[in-house]
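Residue numbers (UniProt numbering), protein chains in the order written: chain A, 1 to 352; chain B, 1 to 352. A short write-up of the structure that comes next.
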């Protein structure tokens, strides 16, 4: 058959940039690749597979003849345009939160639940939130053999999770504060120094340089941040455990890209560190870095820009039965976003 | 009676500097205040209570006539010198890890277990690790009414927890990297940029700018970091719960001063957010900042340099009975170190 046509919607954003790099460097199974963005970006010329491609404005006609459309756009844009793409015959792979929890839309991580991608009555497949995705390949591998019961997660989320404005703001703040070796030592001094040099317009609700900010997403009932509930609800759906117990606290940290998570995971039966090592060493998209006596564990600056999910600091919880404590890192723009969508597209393309 | 004589051992370090500020600004109950440090720092002139004081070299004679000696020195220095101070008649308040878990040495947080300070057969009182202390005033208040059963903690620890070399290194790394708006986007690029500009001698086992590092302390059996086991064992002793279940993952973050902790705490009976608010609002050394709908929660840049323990993001865990998720911040040099020692000294001084 002819090679499938791929459309990338939101091609100019942080994730879109990584997506263009991925389709240019992974095995090339695609026929035409269309780049689509808002009217503001239409007409721009961007490179894909070494060739110049003119960005088209989002319109119903751009989906004509498209086999697979990957959407990386805000929730409200997905809500409007994903059904239009699906109606016009494209399989829509959507990175937004809009359809993830709908019962007739599968939520897919190819290493964990690839078969779910086949059951897509609306021709829509969702890809999870970047925080959920940053741990899922590793947690899914452990679950497959030991059956997960509970997750308590604290996140260390990179600024690029907030889009291109996130790194821009952190670089701005670092430049504004660098050279002052007294800053960060008195209450409010970072705020004051930033107010003198930068405008107040930040994607973050507090200074992010020399700080950590315990908030990601929008306000939900009970004091939860939307990102924390996504991690709970999406983990349940991907793993197929409707009664999985999950508590998460999401915290933004001054890291450019790569989300990290401290994970406390209880399983149905006893699991040792050696058991976990055996499973994770065999998991094809997971890299085990777990030799703390020799300083070996993953950190964001060593993970960023790479595809796997990294895991280390695996300990059997002394006081909790059947429980491991772990530290997981994943590039939130790659496996956490563009890569997972590309992998779903490749998975679905094999059926076409 | 005459005012007690106080000796500060380790007066020139990061905590010693805060200690001198505290005894200079809190209610002045002291007679003579002696400053003591290593031979290398002896002869330096430092200010206390607005007066110049010459630093004395550590020697048995410096304890003659001393009522209370506060030690902020490395473990091995405490091991040698704390017993000498106690033998010479001083009550030794020790910030090191050396004596904390010894059964005949009380481990004291004045808000939580003040009476323990009275039972000190060796004339030694230990003050906890800064990570444990950063949450203990708040957790202790909740425990007093609802009885704590389990703690799962992930930390966001400031660089000054590693001593004066910690902030110096973070400022160095920030200065070396500031201005390069591509750094932090490819695996190893931060390491490479730092290797070109700074020497390899860091108090941290990985880059700390644009990074988080899942390691604090020394290697212990089972893959644990010493800081994680301290949090477990010290919490049990301070709270008087020998079978408290604790799992902790300790992570260093690029914050100058103020440790933060994501705390998942199970109690003996149901506790609502309103219950927690009532208790924490009444706790004299705790500041409740918990109105997330209006962006109110604590962050390190607003807490640093102040005395209280700050708490926010209090949520009733949806899936876990009797459990709260919370975010706690405390200045690791003040309540986490110097302030707690000063408060113990003041508590003990009232008995003299």
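Every residue, glycine too, gets a C-beta built ideally from N, C-alpha and C.
- Contacts with chain B at 9 Å (Cβ-Cβ) do not include residue 230 of chain A.
- In this structure, DSSP gives residue 94 of chain A an extended state, which the three-state scheme calls strand.
- Taking a C-beta distance under 9 Å as the contact criterion, residue 133 of chain A and residue 335 of chain A qualify as a contact pair.
- For residue 241 of chain A, no Cβ of chain B is located within less than 9 Å of the residue's own Cβ.
- Of the residues assessed, residue 45 of chain A falls on the exposed side of the cut-off, its CB having fewer than 16 other CB atoms within 10 angstroms.
- The three-state secondary structure of residue 297 of chain B, taken from DSSP, is coil.
- Close to chain B, meaning a Cβ-Cβ distance shorter than 7 Å, is no residue of the UniProt domain "Semialdehyde dehydrogenase NAD-binding" (5 to 120) of chain A at all.
- Counting of Cβ neighbours within 10 angstroms places residue 330 of chain A among the buried residues, the total reaching 16 or more.
- Where residue 75 of chain B is concerned, the enclosing alpha helix (DSSP H) starts and stops at 75 to 87.
- Contact annotation: residue 309 of chain A and residue 137 of chain A have beta-carbon atoms nearer than 9 Å.
- A contact between stretches requires three or more CB pairs, one per stretch, nearer than 8 Å, and the region 293 to 312 of chain B fails this requirement with the region 95 to 109 of chain B.
- From the beta-carbon of residue 325 of chain B, the residues of chain A found nearer than 7 Å are 247, 249.
- By the Cβ-count criterion, residue 218 of chain A is exposed, with fewer than 16 other Cβ atoms from all chains shown falling within 10 Å of its own Cβ.
- Contact between residue 73 of chain B and residue 96 of chain B holds, since their C-beta atoms are separated by about 7 Å, short of 8 Å.
- Against chain A, the CB of residue 164 of chain B has no partner CB under 9 Å away; the residue lies outside that interface.
- Residue 233 of chain A and residue 346 of chain B have their C-alpha atoms spaced approximately 50 Å apart.
- When only Cα atoms are considered, residue 264 of chain A and residue 248 of chain B end up about 9 Å apart.
- Taking C-beta separations shorter than 6 Å and ignoring five residues to either side along the sequence, the partners of residue 108 of chain A in its chain run 116, 117, 125, 344, following chain order.
- Residue 48 of chain B and residue 20 of chain B do touch by the CB rule: their CB atoms are close to 5 Å apart, below 8 Å.
- Taking the C-beta atoms as reference points, residue 253 of chain A is found no nearer than 9 Å to residue 231 of chain A.
- Separation of the CB atoms of residue 322 of chain B and residue 278 of chain B is rounded to 17 Å, and the pair is thereby denied contact status at 8 Å.
- With respect to the C-alpha of residue 314 of chain A, the residue from B/342, B/302, B/177, B/215 having the closest C-alpha is B/215.
- Within the region 299 to 333 of chain A, the complete alpha helix (DSSP H) runs of at least 4 residues fall at 300 to 303.
- Interface with chain B (9 Å Cβ-Cβ cutoff): residue 207 of chain A is included.
- Listed in chain order, the beta strand (DSSP E) elements of length 3 or more contained wholly in the region 111 to 173 of chain A are 124 to 126, 148 to 156.
- Listed along chain A, the residues sitting closer than 7 Å to residue 305 of chain B by beta-carbon distance are 185, 186, 187.
- At least one beta carbon of chain A lies nearer than 9 Å to the beta carbon of residue 255 of chain B.
- Distances from the alpha-carbon of residue 348 of chain B to those of B/22, B/32, B/58, B/69 put B/69 closest.
- Here residue 156 of chain B is not near residue 271 of chain B, since their CB atoms are 9 Å or more apart.
- Residue-level contact check: residue 152 of chain A touches chain B, since one or more beta carbons of chain B fall below 9 Å from its beta carbon.
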